[in-house]
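What follows is a set of notes on a single structure, which appears directly below.
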Ligand code: SF4
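In our numbering, the protein residues as written are 788 to 1793.
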């Protein structure tokens, strides 16, 4: 045993974890502090690297001390007392001390041992330290004998420790963060971890209240899991299936991939493996860069989104030929070569690397994380018995369970979305299989990084030592899948490869609770099981459909991790992931681009979906909507997940509601857009004006139209038959409320009968603020000056979580709604919009619709709802790789339909934007809940600024042709949806002043 002593400071403060006060009363905070200490002491007791523990300060609760723990009660201030503990530890012969805080209940014995192992591996003298999750405080500190132990706590201590030791000339080694519990966010993370693994931190769990305060702890405990051993497969499968259905519904996923076996050389010799080959049989030691890229490019052309790098464990440690080849290629190791290949594949093909490169160090995980979206390492089995002579892992150093579990832990510490799993039927018992699942669950509980558990059945391969070994029965595979589902619950996907089972068994595997079928390649074979060809996706789809399931493509990284991408994905990988992901985090099902694509994707291939599963509860939701029962956030989010026949049901229901409200009439308005300035003091990330245009070299010169020019455009619009002018612009640095009042007055004077549709809530707020007026008073002044209605822009997504990312300096959700409420109370009606398809998810769409519905039920002031799909091309957020490239076509159409259903009967009209959807797309939306195609615009510079290509004018004749082609009756309307005098006859007789048009620049969405 190493002679390391731990020092644990513990002093109850009178206010006890006061930052948790909003969540827990004082007595509960004190109980939590005691409980966390008990769990920390238990972890230290179990850590093999720790010889003794010095608890300094208050005594632990009865029954949690003893063993290695020596309590050092002291009346001294804490720091001198800790100094005393360090002195006593070194006098007792400690080779080093490790300071561990008492509020780190997720720190396990294995984590402590790994920290000490890494610390001792550094050349002395060196200290190692782990920060908290926020990386400002030190949560673990190792100091060797002969070096001063610096006791610093809380914010800034991580930096303080590093600089103080560096100043002494001592090497400092920062390690992975260790979570503590100080803030409400920490407490939420703790609850989530306890929910993932019911065996973690039992004292803390009890203090938080099992099953209550600790979260939804419905997973079986370790004891319960071990009782599965003798339960029949069918019984386990029934329970597992119910759990899967509750979380995933009918959805079964797979990943379309290419398989890149970078090297078949491996230093291990597993007795069942044909992937690993000796140099004599392997041919070239490594795939060349050209070979790898050629396969990846072909895969990308075939619609693949994952590049699976699979290779043997560190072959250079065993084979001279590997060392020589690496040297010739110019790489120090196989992993350095793989890092280089993955970087090229990611950059040059857009495929997302998933890397299975065996056991790796923390540094190797970190560097591969920069070029991959996910990684994997099969545990296979946690049973050391399998390494004994005659067993399949004998002679394979990387198959030692401790080694593999430590690597999987390091992946968690490095925040790598990770795949692991079991290889069943290689000589392990059911009990050992369950213990293996529990070992994985323990790691997942602490780090949350396991995205899927693969249950792979052993297949006996000719030419291996296990060629004659019996394969596990289909029933055993069902039992294992079901056990895995029950052990991990809904958060982790359970996967089994269909190519390793007979087609006739596929539905049994699905019925055992799996929700994923792993990677399937249209190009490359399964090099690990080359005798087992991939199934055709079409055939798999048919079989699944026959049982009511829905086959959907996912990316190599799962939706939860994409949703939390700042934590889980390296910044350099995020943009590639977002380019391929839809709003739910699954693979995009089309290449359609709002504002650019002329045609919708082929409905048969993608938009209407290949999936024909029964609606996932959609029919129940639709009946409630028809009964005018308002749906909540979760239910609306579920409607946005509709695919296949469920999608068709939602679209049909929306069309039905539209017909009942609007009949066959479809309106349009003759209007003109006047964007009076393209200068803006805000920095909205979705707005092409702020920086994107500069990068694209698309940015027009800054301009500001003076009042005469605005008036001239209004007159021109009137002469062409316009009934409305729509005025919006950037927030010009010199604009005050008076500027907006002057614009209104100028327009009104130029054309008194013209409907002035102007000023987003942001402009209203800005104008009111600069004049020192309450918003309502300023709106009244605008009304007096001639303002008729407000555009519902600047709403983007009415959820502050999203606004903090896309427009942090802009008005918040509440302010937008309050401006609209004030306007409506004055009789100023407005439109309502949503800008969707960038960083948000369907839950944010649901919140947006609920916010609009709630206000409309109170004010009745919204005239229509206008979905605006995000046009990504020129937007800074997209160009920085921080946003998706807009919604998919399915999502765009669905937005119209779900909005129609959810906003009914509060909203009478849903408008589709021909500028964003394109003519053919807008026509389809008319069958999905929309009853209006908006304005002719005359000039439209907003979407063009963002990179959109769909023209800037749509004549009345074209409007009418579009509407008629959808089998509907066109009518020209006013802004307030009254029939307008038909004006198309004069429309084109008046030419626009082209000189002025050239000035129209790059104002984006306001
Ligand atoms: S969206 Fe409007 S407020 Fe935001 S940067 Fe663009 S012009 Fe300015």
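Ideal Cβ positions, reconstructed from N, Cα and C, are used throughout, including at glycine. Keep in mind the model is a prediction, meaning the values are calculated, not measured.
Distance between residue j and residue i (C-alpha atoms, nearest Å)
| i | j | result |
| --- | --- | --- |
| residue 913 | residue 936 | 12 Å |
| residue 1190 | residue 792 | 24 Å |
| residue 1316 | residue 1143 | 15 Å |
| residue 1794 | residue 1386 | Outside the displayed span of the chain (788 to 1793) sits residue 1794, for which this structure offers no information. |
| residue 1518 | residue 1361 | 31 Å |
| residue 1194 | residue 1146 | 6 Å |
| residue 1631 | residue 1319 | 43 Å |
| residue 853 | residue 860 | 14 Å |
| residue 1547 | residue 1580 | 6 Å |
| residue 1038 | residue 1158 | 29 Å |
| residue 1053 | residue 1063 | 6 Å |
| residue 1010 | residue 1270 | 13 Å |
| residue 1034 | residue 1371 | 14 Å |
| residue 1725 | residue 1458 | 7 Å |
| residue 803 | residue 1383 | 58 Å |
| residue 1376 | residue 1684 | 18 Å |
| residue 1424 | residue 1433 | 14 Å |
| residue 971 | residue 808 | 9 Å |
| residue 1040 | residue 1677 | 18 Å |
heavy atom of ligand 1 below 7 Å from residue i C-beta
| i | result |
| --- | --- |
| residue 1469 | yes |
| residue 1703 | no |
| residue 1621 | no |
| residue 1518 | yes |
| residue 1552 | no |
| residue 1513 | no |
| residue 1577 | no |
| residue 1531 | no |
| residue 1655 | no |
| residue 974 | no |
| residue 1549 | yes |
| residue 1092 | no |
| residue 1044 | no |
| residue 1339 | no |
| residue 1563 | no |
| residue 919 | no |
| residue 1474 | yes |
| residue 1568 | no |
| residue 804 | no |
| residue 1057 | no |
Those residues which DSSP pairs with residue i across a bridge
| i | result |
| --- | --- |
| residue 1379 | Bridge partners of residue 1379: none, in fact. |
| residue 841 | 794, 857 |
| residue 1609 | Answer is none; residue 1609 lacks a bridge partner. |
| residue 1455 | 1759 |
| residue 1543 | 1512 |
| residue 1280 | 1239 |
| residue 1043 | 1307 |
| residue 1340 | 1041 |
| residue 1362 | None, per the DSSP bridge assignment. |
| residue 759 | Given that the chain is displayed from residue 788 to residue 1793, the structure contains no residue 759 and the question cannot be resolved. |
| residue 877 | DSSP, once it has assigned bridges, lists no residue as partnering residue 877. |
| residue 1622 | 1655 |
Cβ neighbours of residue i in the same chain (closer than 8 Å, five flanking residues each side left out)
| i | result |
| --- | --- |
| residue 847 | 797, 821, 824, 825, 828, 856, 858 |
| residue 1148 | 1197 |
| residue 1801 | Residue 1801 lies beyond the residue range present for the chain, which begins at 788 and ends at 1793; the question has no answer from this structure. |
6 Å CB neighbourhood of residue i in its chain, flanking five on each side removed
| i | result |
| --- | --- |
| residue 1551 | 1606 |
| residue 1231 | 983, 1237 |
| residue 895 | 830 |
Spatial neighbours of residue i in its chain, beta-carbon cut-off 7 Å, leaving aside the 5 residues before and after
| i | result |
| --- | --- |
| residue 1497 | 1461, 1463, 1530, 1533, 1534 |
| residue 948 | 916, 925, 928, 937, 939 |
| residue 1110 | 1103 |
Runs of alpha helix (DSSP H) lying entirely within the stretch 1104–1131, each at least 4 residues, in chain order: DSSP runs (the alpha helix (DSSP H)) wholly in the stretch 1104–1131: 1107–1116.
Can you give, in chain order, each stretch of the alpha helix (DSSP H) that sits fully within the stretch 884–936 and has at least 4 residues? Fully enclosed alpha helix (DSSP H) runs of 4 or longer: 896–908.
Ignoring anything shorter than 4 residues, give me the alpha helix (DSSP H) runs that lie fully in the stretch 806–833, in order along the chain. 813–833
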